[in-house]
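Q: Note that the working numbering has the first sequence beginning at 1260, numbered continuously upward.
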Amino acid sequence: MDKTYAPQDIEARLYARWEAAGWFAARGDGAPYAIVIPPPNVTGNLHMGHAFQYTIMDALTRYHRMLGDHTLWQPGMDHAGIATQMVVERQLNGEGKTRHELGRDAFVARVWQWKEESGGTIARQMRRLGASVDWSRDRFTMDPGLSRAVTETFVRLYDEQLIYRGKRLVNWDPVLHTALSDLEVLAEEETGSLWQLRYPLADGSGYLVVATTRPETMLGDTAVAVHPQDERYLHLVGRSVRLPLTGRDIPIIADSYVDREFGTGCVKITPAHDFNDYEVAQRHALPLLNIFDENAALNDNVPAAYRGLDRFEARRRVEADLAALGLVEKIEAHRLTIPRGDRSNAVIEPWLTDQWYVRIAPLAKPAIAAVESGRIRFVPDSWDRTYFEWMRNIKDWCISRQLWWGHRIPAWYASDGSIYVGRDEAEVRARHGLGTMPLRQDEDVLDTWFSSALWPLSTLGWPDPTSELARFYPTSVLVTGFDIIFFWVARMIMMGMKFMGEIPFREVYVHGLIRDAEGQKMSKSKGNVLDPLDLIDGIGLEALVAKRTSGLMQPHLAASIERATRKQFPAGIAAHGTDALRFTFASLATLSRDIRFDVGRIEGYRNFCNKLWNAARFVLLSIDGQDPGPGEESPSLADRWIRSRIAVAVEATRAAFAGYRFDLASQALYEFTWYEFCDWYLELSKAVLQSEPADAAGRRAACRTLLETLETLLRALHPLMPFITEEIWQQVGRRAGRTGPTIMLEPWPVDAAAWRDPAAEAEMRWVMDFILGVRQIRGEMDIAPARRIDVLLANASDADLGRVARTRHWLERLAAIGSLRALTAGEPEPESAVALLGELRILLPMAGLIDVGAESARLAKRIAKLRQDVAKAEAKLGNSSFVANAPAAVVEQERARLAEFTGELSQLDAQLARVQRLSAHDRKPPA
RNA sequence: GGGCGCGUAGCUCAGCGGUAGAGCACUUCCUUGACAUGGAAGGGGUCACAGGUUCGAUCCCUGUCGCGCCCACCA
1260 MDKTYAPQDI EARLYARWEA AGWFAARGDG APYAIVIPPP NVTGNLHMGH AFQYTIMDAL
1320 TRYHRMLGDH TLWQPGMDHA GIATQMVVER QLNGEGKTRH ELGRDAFVAR VWQWKEESGG
1380 TIARQMRRLG ASVDWSRDRF TMDPGLSRAV TETFVRLYDE QLIYRGKRLV NWDPVLHTAL
1440 SDLEVLAEEE TGSLWQLRYP LADGSGYLVV ATTRPETMLG DTAVAVHPQD ERYLHLVGRS
1500 VRLPLTGRDI PIIADSYVDR EFGTGCVKIT PAHDFNDYEV AQRHALPLLN IFDENAALND
1560 NVPAAYRGLD RFEARRRVEA DLAALGLVEK IEAHRLTIPR GDRSNAVIEP WLTDQWYVRI
1620 APLAKPAIAA VESGRIRFVP DSWDRTYFEW MRNIKDWCIS RQLWWGHRIP AWYASDGSIY
1680 VGRDEAEVRA RHGLGTMPLR QDEDVLDTWF SSALWPLSTL GWPDPTSELA RFYPTSVLVT
1740 GFDIIFFWVA RMIMMGMKFM GEIPFREVYV HGLIRDAEGQ KMSKSKGNVL DPLDLIDGIG
1800 LEALVAKRTS GLMQPHLAAS IERATRKQFP AGIAAHGTDA LRFTFASLAT LSRDIRFDVG
1860 RIEGYRNFCN KLWNAARFVL LSIDGQDPGP GEESPSLADR WIRSRIAVAV EATRAAFAGY
1920 RFDLASQALY EFTWYEFCDW YLELSKAVLQ SEPADAAGRR AACRTLLETL ETLLRALHPL
1980 MPFITEEIWQ QVGRRAGRTG PTIMLEPWPV DAAAWRDPAA EAEMRWVMDF ILGVRQIRGE
2040 MDIAPARRID VLLANASDAD LGRVARTRHW LERLAAIGSL RALTAGEPEP ESAVALLGEL
2100 RILLPMAGLI DVGAESARLA KRIAKLRQDV AKAEAKLGNS SFVANAPAAV VEQERARLAE
2160 FTGELSQLDA QLARVQRLSA HDRKPPA
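This is how it looks when you write it as structure tokens:
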């Protein structure tokens, strides 16, 4: 092995080998285990959130593959209608062109071209992350097969009247010129104004004052409403007001929708431009007056003076004109929520258009039941409340979009306006006997999430009854962020229940969202985006600054972004390798919602990779240099101990994987590797391998244990750190007796459980405590590590003496002891620093070694701590209700602790007295 | 207006009825033959606050304060 760990040299090579060998494809006859990837936007870039999520899915996939399951990780990408169309339109705009100049067909061709390019980038990025997806099954939501699934569902839902076309108010994006679903509209609280306007009564007997946040919509008013029990206005109900600026007379109606406390208690009703007013209008059979065009500019239904004005300009004009007429009662500042499009950020307008809807309640019912019954389980389970809340109040889903990029709606119109829905035009004609009558296909496309909702079905071949569908549906787990539970998770459940009669996945692991070190969302405009590949490969400061400040939507932010970047990364970002990044993600995968990514964290895990690498080098060098060849083996205490400890670590990791606690899995393996295997076992093995008279059988056992423990550890770590483990395993696997070509198809080490050895753990604990006791004195007394010291034992039991005899080579080596022996009967104790190990007293004679003052201080500190412990324990045991009520085992444990503390305390008190006598003696002036 | 989550060491986070933990940062010592991306030893926390339940609360309950998110038609 190379002397230094160089991830960039090994990662690309190993991935290419795995992929070429076809090892990512599902295989074997084990239990099916399947994950479908949440398909990334095909024209997007892989960000930290993707890298995090793919790390988790890849860890699960590799883990289950190694467990022998028939494991499929289904890859693919999403066409992401609006987002992608916007990206390509922006490119066109950069060339001084518009999509309308190109025309629909040419534009769509251009998007496909961009899709090929961009999709390739994402696939390359996924490979860099080590994602073991089955590339042979790669899918795209607009593939012919998946498009067929979309059409099929649309037709079937339409035939069952679960899809309908209707003219209603929709959320209209006046910039993107398309309808949006409720979910794509974000409500943001902003400061605006509340206008109080005077509407004169038609009979000239006075006026009403209405309150509104949108004065310009008064041009579309068709009524004024008051509360039915509001005695202030009751006498006016049924009469009319003359709508200013228009001269139209509109009725005063009574409706309980009105809040008497708000404003004046009179509400202007604009049915075509407000969802509430629309409802009121339905109840009172009021006319709808649409006053906006597709740009939200005023149309010909308003007086000529206002036609063609943008809505915000119209607002100013209406206000000015009303003010001139003395009809503005007052204007006050007002907090209100403004609806904005999640992509365009434009203020969304309720607008009356023809759109397609999914009648959702019948689909929601079985989807709710699937979670209620526990057949689908959310992890953490608190998310099911969020799911229920939304599903129980769900509203019909507007699925048509006025875009060019997406699945064209399979509906055709005859010249008389009749609608025909079918799988294609030929089927429509045949089904309805339309002959050669001219038909025009609907221009609209479907909401991207319509095809995403089918993802678990469509990627497995539905509507065909494929063997993949039979084997892998329902899939095992969906790994996703909570931000798309409504957009995606809920809809997949509904569609899965509808078309398969079965849940699409058994568990939904909902992970947190990756944020920057300050907890801010990573975004281009904040300039705090980290590219996972930059953490893997490293990036210089100038390149990083350039990357963060180029292509900004708001170029004026560049300077502050540059400043912040230079401050945070004065030396750029170092290369850490994929495995370090993945291990970092795993360690961050707690149940928390927000995950702060601090670059400092990944450095520690790169060091961990380095540690593992060097441990492996040591194992290989040791074996090559020390192995006496085949023959009898006699395992030492340390050999039995390390096997037992890895068995414990493996079990902890298994349990953590089962509960999606990747943080605990990574922690268990990190701690075992560093604190037990490296810090202790490798050092213990040196004593066996390098000591002069070491027996061959012991050396053989040590070599085998080194190899087998390392090899087991590599397999345990592989799901989290695929590259380094494979690279080392290629050196180690064969020597450990494994014959397979790759670690990724070797069994995950559940069978290590057979190595559990409590007796070895107990005795080894004694050895470690002995060594730690000596080291503690050495450390606190600043005795140089190279200086070998003499150690005496007092009050040693036969058991202690036996342990010393069995383990003295380790004690001497790891505590740097020069000579070690028990005091003989009656032999006086020299002045010593002392460590306690049960009844055993470990003495370090102080002569010429230890400063009396320092030792006194050390003892005093320990004594103070012990006194506290003793006091606490005594208080507890002195409390009769504790003794009476606490479980016997707890009381017993407390008694044992107290005995231990008091024993130690009296020993240390005596020791301190001895040291201080010595001190007094030293200070005595010479006679 | 509902709902959810979070407040534990300087920072990022585990823990969750009975000795308060980790990583990074910090202090001291050490180039000892796997690793200075390292080794050994150490300092640092009234577990946001106030009540309650309990023999015992960081943990369970209630409330307060602070932070964040989601849903919702008050013009």
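Idealized CB from N, CA, C, for every residue including glycine.
(1) Give every residue of the same chain whose Cβ lies closer than 6 Å to the Cβ of glutamate 1862, excluding the five residues on either side of it in the sequence, and list them in chain order.
(2) Quick one: Cα of leucine 1239 to Cα of glutamate 2022, how far?
(3) Would you kindly check if the distance between the Cβ of isoleucine 1550 and the Cβ of asparagine 1560 is under 8 Å?
(4) Applying the 10 Å Cβ sphere with the 16-neighbour rule, what's the burial state of glycine 1479?
(5) To which residues does DSSP link isoleucine 2030 through a beta bridge?
(6) Taking Cβ positions, are methionine 1325 and proline 1791 nearer each other than 8 Å?
(7) Residues in its own chain within less than 7 Å of proline 1546 by CB, not counting five upstream and five downstream?
(8) For glycine 1335, name the three-state secondary structure that DSSP assigns.
(9) Are the CB atoms of valine 1738 and histidine 1770 within a distance shorter than 8 Å?
(10) Here's a check: name, in chain order, each residue in its chain whose Cβ is nearer than 7 Å to the Cβ of alanine 2113, leaving out the five neighbours to either side.
(11) First and last residue of the alpha helix (DSSP H) that includes histidine 1323?
(12) Within this structure, are the beta carbons of leucine 2096 and valine 2050 separated by less than 8 Å?
(13) Is valine 1483 helix, strand or coil by DSSP?
(14) Using DSSP with H/G/I as helix, E/B as strand and the rest coil, what is aspartate 2010?
(15) Grouping DSSP H, G and I as helix and E and B as strand, with all else coil, what is alanine 1818?
(16) Given a threshold of 16 other Cβ atoms within 10 Å of its Cβ, counted over all protein chains shown, does alanine 2227 qualify as buried or as exposed?
(17) When you compare the CB positions of leucine 1705 and glycine 1665, do they come within less than 8 Å of one another, or not?
(18) Are alanine 1995 and glutamate 1970 closer than 8 Å when you measure CB to CB?
(19) How is tryptophan 1900 classed by DSSP in three states: helix, strand or coil?
(20) Go ahead and pull the three-state DSSP assignment for valine 1808.
(21) Specify the secondary structure class of asparagine 1866 as computed by DSSP and reduced to three states.
(22) Looking only at DSSP bridge pairs, what is histidine 1532 linked to?
(23) Give the straight-line distance between the Cα atoms of aspartate 1701 and glycine 1335, rounded to the nearest whole angstrom.
(24) For asparagine 2138 and lysine 2120, I'd like the C-alpha separation in whole angstroms.
(25) Near aspartate 1613, which residues of its chain fall below 8 Å by C-beta distance, leaving aside the five closest residues on each side in sequence?
(26) Between Leu1504, Arg1599, Pro1621, which lies nearest to arginine 1566 when the distance is taken from Cα to Cα?
(27) Looking only at its own chain, which residues have a Cβ that is under 8 Å from the Cβ of tryptophan 2069, when we skip the five neighbours before and after it?
(28) I'd like the span of the alpha helix (DSSP H) that includes phenylalanine 1758, first residue to last.
(29) Valine 1485 and tyrosine 1492 look like a contact to me (Cβ under 8 Å); what is the Cβ gap, rounded to whole Å?
(30) Which ranges does the beta strand (DSSP E) cover as unbroken runs of at least 3 residues, wholly within the segment 1325 to 1413, from first to last along the chain?
(31) Under 8 Å between the Cβ atoms of isoleucine 2002 and leucine 2108?
(32) Return the residue from the list Ala1924, Gly1379, Arg1387 that minimises the CA-CA distance to aspartate 2245.
(33) Run the CB neighbour count on arginine 1386, radius 10 Å, all protein chains shown included, and call it buried at 16 or more, exposed below.
(34) Quick check: the Cα distance between glutamate 1780 and isoleucine 1773, rounded to an integer number of angstroms?
(35) Could you tell me the alpha carbon to alpha carbon distance between alanine 2148 and alanine 1915, rounded to whole angstroms?
(36) What are the boundary residues of the alpha helix (DSSP H) that includes lysine 2135?
A: Let's see:
(1) For glutamate 1862, there are no CB contacts under 6 Å within the same chain when 5 residues up- and downstream are skipped.
(2) The structure shown does not extend to residue 1239, since the chain spans only 1260 to 2186, so no value can be given for it.
(3) The answer is yes: Cβ separation under 8 Å.
(4) So glycine 1479 counts as buried.
(5) Under DSSP, isoleucine 2030 forms no beta bridge with any residue.
(6) No, these two residues do not count as a Cβ contact at 8 Å.
(7) For proline 1546, where only same-chain residues beyond five positions count, the Cβ hits under 7 Å are Thr1481.
(8) Note: glycine 1335 maps to strand in three-state DSSP.
(9) Taking a C-beta distance under 8 Å as the contact criterion, histidine 1770 and valine 1738 qualify as a contact pair.
(10) The beta carbon of alanine 2113 lies closer than 7 Å to those of Met2040 in the same chain, with the five residues before and after it left out.
(11) Here the alpha helix (DSSP H) through histidine 1323 covers 1307 to 1325.
(12) It is not a contact, given that the beta carbons lie outside the stated cut-off.
(13) It is a strand residue.
(14) If DSSP states are grouped into helix, strand and coil, aspartate 2010 belongs with the helices.
(15) Of the three classes helix, strand and coil, the one that applies to alanine 1818 here is helix, per DSSP.
(16) Nothing about residue 2227 can be read from this structure; the chain reaches only from 1260 to 2186.
(17) Cβ atoms of leucine 1705 and glycine 1665: closer than 8 Å.
(18) Yes, they are a contact pair.
(19) In the three-state reduction of the DSSP assignment, tryptophan 1900 falls in the helix class, which pools H, G and I.
(20) The sequence given here has threonine at residue 1808, not valine. When secondary structure is reduced to three states using DSSP, threonine 1808 falls in the helix class.
(21) Three-state DSSP puts asparagine 1866 in a helix.
(22) Bridge partners of histidine 1532: none, in fact.
(23) Approximately 28 Å, taken between the alpha carbons.
(24) Roughly 28 Å separates the two Cα atoms.
(25) The answer, listed in chain order, is Arg1424, Gly1425, Lys1426.
(26) Selected option, being the one with the closest Cα: Leu1504.
(27) Correct list, in chain order: Ala1897, Leu1943, Ala1946, Val2026, Ile2030.
(28) It spans 1749 to 1759 - the alpha helix (DSSP H) in which phenylalanine 1758 sits, taken as one unbroken run.
(29) At roughly 4 Å, the Cβ-Cβ gap stays under 8 Å, so valine 1485 and tyrosine 1492 are in contact.
(30) 1329 to 1333, all fully within the segment 1325 to 1413.
(31) No; because the gap between Cβ atoms is not below 8 Å, this pair is not in contact.
(32) A question about residue 2245 goes unanswered here, because the residues of the chain that appear run from 1260 up to 2186.
(33) By the neighbour-count criterion, in which a residue is buried when 16 or more other Cβ atoms sit within 10 angstroms of its Cβ, arginine 1386 is buried.
(34) Note on residue identity: the sequence assigns lysine, not glutamate, to residue 1780. Separation of lysine 1780 and isoleucine 1773 (C-alpha to C-alpha, rounded to the nearest whole angstrom) is 7 Å.
(35) Rounded to whole angstroms, alanine 2148 and alanine 1915 show a C-alpha spacing of 29 Å.
(36) Following the DSSP letters along the chain, one finds lysine 2135 inside the alpha helix (DSSP H) bounded by residues 2111 to 2137.
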